[in-house]
Amino acid sequence: MRLQYPPNVRIIEVPCTGKVDIIHLLMAFEHGADGVIVVGCMEGDCHYMAGNLYAKKRVFRVKEILDRVGLGGERVGMYNLSSGMGGRFAEIVREMTGKIMKLGPSPIRIATGTAVRAAGEVAA
Amino acid sequence: MIKAIPKPMEEIINYVQDCTKLLIAGCDGCVTVCEAGGLKEAKVLASALRLYFTQGGKQAQVDETSLTRQCEKEYLAQLSDRIDQYDAVVSLACGVGIQHMAEIYDKKVVYPGVDTCFLGVNEERGLYSERCQACGRCILAETGGVCPIARCSKRMLNGPCGGSEGGKCEVSKDIPCGWELIYERLKTLGQLDRFENPVVPKDWTTSRDGGPRKIVREDLRI
Numbered sequence: 011m012r013l014q015y016p017p018n019v020r021i022i023e024v025p026c027t028g029k030v031d032i033i034h035l036l037m038a039f040e041h042g043a044d045g046v047i048v049v050g051c052m053e054g055d056c057h058y059m060a061g062n063l064y065a066k067k068r069v070f071r072v073k074e075i076l077d078r079v080g081l082g083g084e085r086v087g088m089y090n091l092s093s094g095m096g097g098r099f100a101e102i103v104r105e106m107t108g109k110i111m112k113l114g115p116s117p118i119r120i121a122t123g124t125a126v127r128a129a130g131e132v133a134a
Numbered sequence: 006m007i008k009a010i011p012k013p014m015e016e017i018i019n020y021v022q023d024c025t026k027l028l029i030a031g032c033d034g035c036v037t038v039c040e041a042g043g044l045k046e047a048k049v050l051a052s053a054l055r056l057y058f059t060q061g062g063k064q065a066q067v068d069e070t071s072l073t074r075q076c077e078k079e080y081l082a083q084l085s086d087r088i089d090q091y092d093a094v095v096s097l098a099c100g101v102g103i104q105h106m107a108e109i110y111d112k113k114v115v116y117p118g119v120d121t122c123f124l125g126v127n128e129e130r131g132l133y134s135e136r137c138q139a140c141g142r143c144i145l146a147e148t149g150g151v152c153p154i155a156r157c158s159k160r161m162l163n164g165p166c167g168g169s170e171g172g173k174c175e176v177s178k179d180i181p182c183g184w185e186l187i188y189e190r191l192k193t194l195g196q197l198d199r200f201e202n203p204v205v206p207k208d209w210t211t212s213r214d215g216g217p218r219k220i221v222r223e224d225l226r227i
């Protein structure tokens, strides 16, 4: 398909989004990610029954935590795609990168003086 | 088991905002089972607090650990060589564990990280309900294994009351009438004749009415 999406995205593969825990998302922010998206299978299509539903709840919890600690819950998001939706994946990454660019670097990177690169580093 | 829920983040931040070295201490017992205060929750809270301090431009060290049980001094002793380096400890154990931590390390500020709620069962993951109020004198033998102290909103010993309707308590339609449950259970057991003998007034001295309680088991002591 040769789809284009921003190169400042680091993809971390997991067997199922049910593997992604709250601590993994928080650690990404501790390590300087400006934003994180979790991309799981379509709801109802999880091969492990409810992995993506657990992920959705965890992402929601991380949003609450980020709001409360001053980073802003809008820096994390969850999307549901099938493996045949590469075009939509590229579109989502472009959208999220644009959104993070507007938000600017994570307050963690600003505070630690590591916000030297352009804002918008997104771990997906 | 003891059931607890995590305290709101704002409340914990309010306690610890002046600290620079903080230990988050989880407990591997009851609070781990109800996912309120185990190692996993300690890691999440520690990470969230590190984010809070860092984004505010403050250098703070937030470490996490989890002890087998905070209600036993042998396990609390595992912190003795390092607890002095911290300004304060946030204990994610139940109220028992938090108090025990404060008792053993009497010069250390200990903050609660959870709200301890009740003694209950796991109906399913994320759904816990009360079953026992630790009144100190169990009457489950007379009530078909359903406790009227914990499960009747009025703690009635001879129920149900007039507020029971369609098997539900008048306090809330989400609360089953404890005495309806007792009736149904005794019916299943073929012991409905128990209703012919009123339960005598309960001796509450073994409950909180007798003040803070203590068990002394001479058979176990040397």
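Taken in order, these protein sequences are the chains called A and B. The numbering of the first sequence is this note's numbering, which starts it at 11 and goes up by one. The numbering of the second sequence is this note's numbering, which starts it at 6 and goes up by one. Note that beta-carbon positions come from the ideal geometry of N, C-alpha and C, so glycine has one too.
The three-state reading of DSSP puts lysine 113/B in coil, since its state is none of H, G, I, E or B. Beta-bridge analysis with DSSP links glutamine 66/B to Lys26/B.
Isoleucine 187/B and isoleucine 154/B have their C-alpha atoms some 12 Å from each other.
Between the stretch 119–139 of chain B and the stretch 17–25 of chain B, the count of Cβ pairs shorter than 8 Å is below three; the stretches do not touch. Lysine 178/B: member of the beta strand (DSSP E) spanning 177–181, first to last residue. Under the Cβ criterion of 8 Å, leucine 81/A is counted among the residues facing chain B.
The alpha helix (DSSP H) runs of length 4 or more contained entirely in the stretch 132–180 of chain B are, from start to end of the chain, 153–156. Here DSSP, grouped into helix, strand and coil, assigns serine 52/B to helix. Straight across, the Cα-Cα distance linking glycine 42/B with arginine 222/B is about 30 Å.
With a threshold of 16 other beta carbon atoms within 10 Å, isoleucine 144/B falls short and is exposed. At least one C-beta of chain A is nearer than 8 Å to the C-beta of lysine 48/B. Taking a C-beta cut-off of 8 Å against chain B, the contacting residues of the stretch 28–39 of chain A are Asp31, Ile32, Ile33, Leu36, Met37, Phe39, listed in chain order. Shown here for arginine 104/A: same chain residues with a beta carbon closer than 8 Å to its own, the five before and five after excluded, namely Tyr15, Pro16 in chain order. Take the alpha-carbon of glutamine 75/B and the one of tyrosine 110/B: they are about 12 Å apart. Around threonine 121/B, no beta-carbon contact reaches into chain A at under 7 Å, the shortest distance being about 21 Å. As the crow flies, the alpha-carbon of methionine 106/B is around 37 Å from that of arginine 85/A.
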